[in-house]
Amino acid sequence: MSWGTDLWDQFDNLSLHTNRGIDVLDKYANFLRDRVAIETEYAGKLRRLVKNYQPKKKEEEDNEFTSRQAFRNLLKEVGDLAGQREVVSETLQLQIIQGVTLLSKTLREDRKKCLNDGTVLQQTLSAQLSSLERAKRNYDKAYRDSEKAVENHKKADMDFNLSRAEVERYKNIMTSKIQQSDDAKNEYANQLQKTNNLQQQHYGTLLPAVFNRLQELDEKRTRGIREFIIGAADVESSVAPIIARCMEGIVKAGESINEQEDSLKVIERYQSGFQPPADIPFEDLSKMDSSIATQSNYSSVTYNHLTIKGTISGPKFKKPRGGILNSIFGSNKNSLTADGQKEDYSDLPPNQQRKKLQAKIAELQHKVDQETNTRDGLMKMKIVYEANSSLGNPMTVEGQLNESEHELEKLKNDLKKYQGYLDKANQLQVANNSPQSNRNQLQNGHRTSRHSNGSASADDHNDGDDQPDDAGSLSSSASPESGLGTSHTSLPGSGQGSANENAMGEETCYETEVELLQPLGTCRALYPFEATSEGSIPMNEGEELQVIENDQGDGWTRVRRANNSNGWDEGFVPTSYIECTLFA
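In this note's numbering, the protein residues as written are 5 to 588.
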């Protein structure tokens, strides 16, 4: 299969075909350029999209939620996708488009040379054919002239009226014409031989060589298009695994979203640590002084409508002046932080205060560690300078070392101060949320304490001051520390009469449980717990305990375990610290 053999007479068609083939190559190059532009634009728009939806600085506090973390990871993966599209664009530009452009340029130059050579060959053959045609015409004319001269000589020879000289002239003309005819014949024969040789060489060797070169060029072009198409697909395939990993990352980001965990984090962020207000008791105005009743009612209503920062509460409230709430929310002389909060964060609810203090302590501890490393480095440098003075003057380090020591001391003092704030906040929380503080018996909306005669009487309100009656107040709670009374679930020997009753000398007795309560199930300690209030018991992580009373909404569960004296230890532990398995 050869163009030179099979298409020996298709010079013009081959010229047109090769030109169209190179045009197809150029069209593919333009297609790649447009695709690269699209890929570049797509990658740029993806990056702008990721940039526009990056979390703002004011939204950083919400990054703890799994949905926000998943969205942030999604943006990262989309950014990686944009990077891969840029890789595809750059690789197509550098490897494929440049190769196509270079090949097209080379093919056009080689084709032009081939066509020029073919044109020269065609012109040479055409010139030879023209020479042959001229020789043939000359021979034809000379032959006719010679025949005419021969005929004229015969007529003259037959004509007796002509002189001998005239006959001789006709003879000489005949001889001359015959010689010219022979010369024209020989020239025609010579040109014919030359033309046949050239034509045979032209169509047998020279022109087929040109056509074969054109065939090679066209096959090179076709092969190049094949390789470039496959190469472009390989470029796409090379980033496919990375794109697949990006897709996997997006799927993992979606799967990492946990609605329960987000709900718990919402609770951790906004939980105040307060207990809901108790029922407002009915006050019979006919049985008490009107001024006291008005003051008591005002205090009770005001307290029971207290809310905390960040809740869906009503209007702002005026903080009460007495009790533990005053120590947490009351006025103090602490300086304010940069964001307008008090230094010990006492203007925040208890849970939020502790979280802020813990974060501040962690920050200070990190700074202390950094400053300690800086000081140690300066001390080592000073020792080296003292050992070899050529390395440096130890006095230049002395000032930096003193400054570092001063800064370290300041940080340690701040750390100690904030640890004291945290300890104080924890003590207030323990006092406010002791195991039995919210397990008082209520009769007709009043708090009651168990008396020796078994009757229940309402606790006094406020004792003449404006301190409100609430479950969170130590003055009216039945916590183990308060000694005001115990519920029917009290531990043996743990109940005590109120301080006022003891001062009045009234005889008190306690409800005790002679028989052990049947366990409701078992529980396992998730975290260690140190008992910090009467009525609670410590436990170690992983310890198995018996559940004898469920959490009644106050955050404490009553448990029991065997002790070394063949007895039982009972008390309360935080419900969030244990994992319960109740019996069916």
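Note that the Cβ used here is the ideal one computed from N, Cα and C, for glycine as well. Just so it is clear, the structure is predicted and the values come from calculations on it, not from any experiment.
Identified DSSP bridge partners for residue i
i       : result
Phe-35  : Answer is none; Phe-35 lacks a bridge partner.
Pro-578 : Trp-560
Cys-584 : Cys-527
Phe-533 : Met-543
Ala-566 : Trp-572
Glu-548 : Arg-528
Glu-553 : Arg-562
Neighbourhood of residue i by C-beta, 6 Å cutoff - its chain only, sequence neighbours within 5 removed
i       : result
Lys-414 : none
Lys-175 : His-157
Pro-254 : Correcting the residue identity first, residue 254 is Ile in this sequence and not Pro. Result list for Ile-254: Leu-78 and Glu-81, in chain order.
Ser-185 : Ala-146, Tyr-147 and Ser-150
Asp-555 : Thr-561 and Thr-579
Arg-72  : Asp-66
Tyr-207 : Trp-12
Ala-153 : Ile-177, Met-178 and Lys-181
Leu-521 : Ile-552
Phe-232 : Ile-100 and Val-104
C-alpha distance - residue i paired with residue j, whole-angstrom precision
i       : j       : result
Ser-6   : Glu-223 : 12 Å
Asn-120 : Asp-144 : 36 Å
Thr-490 : Ser-408 : Because Thr-490 carries a pLDDT of 36, less than 50, the predicted location of this residue cannot be relied on, and the following value inherits that uncertainty. Rounded to whole angstroms, Thr-490 to Ser-408 spans 56 Å at the Cα level.
Leu-20  : Gln-203 : 24 Å
Cys-584 : His-410 : 51 Å
Arg-115 : Thr-22  : 8 Å
Glu-347 : Pro-59  : 29 Å
Gln-394 : Ser-350 : Here residue 394 is Ser; the residue named in the question, Gln, does not match the sequence. Rounded to whole angstroms, Ser-394 to Ser-350 spans 55 Å at the Cα level.
Gly-258 : Tyr-274 : 25 Å
Cys-250 : Asp-84  : 7 Å
Gly-2   : Glu-545 : This structure gives no information on residue 2, because the portion of the chain shown stretches from 5 to 588.
Ala-131 : Ser-167 : 49 Å
Glu-265 : Glu-68  : 10 Å
Glu-367 : Asn-34  : 59 Å
Thr-400 : Ile-387 : 12 Å
Asp-163 : Gln-183 : 25 Å
Ser-290 : Phe-278 : 34 Å
Glu-3   : Lys-62  : Any answer about residue 3 is impossible in this case: the structure gives the chain only from 5 up to 588.
Val-40  : Asp-418 : 59 Å
Thr-226 : Asn-200 : 37 Å
Ile-26  : Leu-98  : 20 Å
Gly-559 : Asp-373 : 37 Å
Asn-194 : Lys-109 : 45 Å
Leu-53  : Glu-94  : 21 Å
Thr-376 : Ala-363 : 20 Å
Pro-285 : Asn-56  : 56 Å
Cys-118 : Leu-129 : 17 Å
Asn-392 : Glu-402 : 16 Å
Met-543 : Ser-537 : 14 Å
Asn-568 : Glu-64  : 52 Å
Cut-off 7 Å between Cβ atoms - residues of its own chain near residue i, not counting five sequence neighbours on either side
i       : result
Gly-122 : Phe-15, Leu-211 and Val-214
Ile-582 : Cys-527, Arg-528, Ala-529, Leu-530 and Thr-561
Leu-18  : Trp-7, Leu-11, Phe-215 and Leu-218
Ala-361 : Here the sequence assigns Leu to residue 361, which means Ala is not the residue at that position. Once the five neighbours on either side are set aside, the close Cβ partners of Leu-361 are Tyr-349, Tyr-422, Tyr-425, Leu-426 and Ala-429.
Gly-525 : Val-551, Cys-584, Thr-585, Leu-586 and Phe-587
Gln-88  : Val-243, Ile-246 and Ile-247
Residues near residue i in its chain [Cβ-Cβ closer than 8 Å; skip 5 each side]
i       : result
Pro-523 : Gln-550, Val-551, Ile-552, Arg-564 and Phe-587
Lys-189 : Tyr-143, Ala-146 and Tyr-147
Ala-236 : Leu-36, Leu-96 and Ile-100
Val-92  : Glu-43, Val-239, Glu-240 and Val-243
Asn-397 : Tyr-389
Tyr-192 : Leu-136, Ala-139, Lys-140, Asn-142 and Tyr-143
Arg-379 : Leu-405, Ser-408, Glu-409 and Leu-412
Nearest-angstrom beta carbon gap, residue j and residue i [assumed within contact, 8 Å]
i       : j       : result
Ala-74  : Ser-260 : 5 Å
Val-104 : Leu-29  : 6 Å
Tyr-46  : Ile-229 : Actually they are not in contact, since the Cβ atoms of Tyr-46 and Ile-229 sit about 25 Å apart, beyond 8 Å.
Leu-221 : Leu-111 : 5 Å
Residue-chain proximity (residue i, chain C), Cβ-Cβ < 8 Å
i      : result
Leu-18 : Absence of chain C from the displayed structure is noted, only one protein chain being present.
*Taking only runs that begin and end inside the segment 109 to 153, name each unbroken alpha helix (DSSP H) of 4 or more residues, in chain order.*
none
*asked:* Restricting to runs no shorter than 4 residues, where is the alpha helix (DSSP H) found entirely within the segment 10 to 75?
replied: 15 to 56
*beta strand (DSSP E) runs contained entirely in the segment 81 to 105, provided each spans 3 or more residues*: none
*asked:* As an exercise, report each continuous alpha helix (DSSP H) stretch of at least 4 residues that is fully enclosed by the segment 349 to 435, in chain order.
replied: 354 to 391
*Whole runs of the beta strand (DSSP E) within the segment 212 to 282, excluding any shorter than 3 residues*: none
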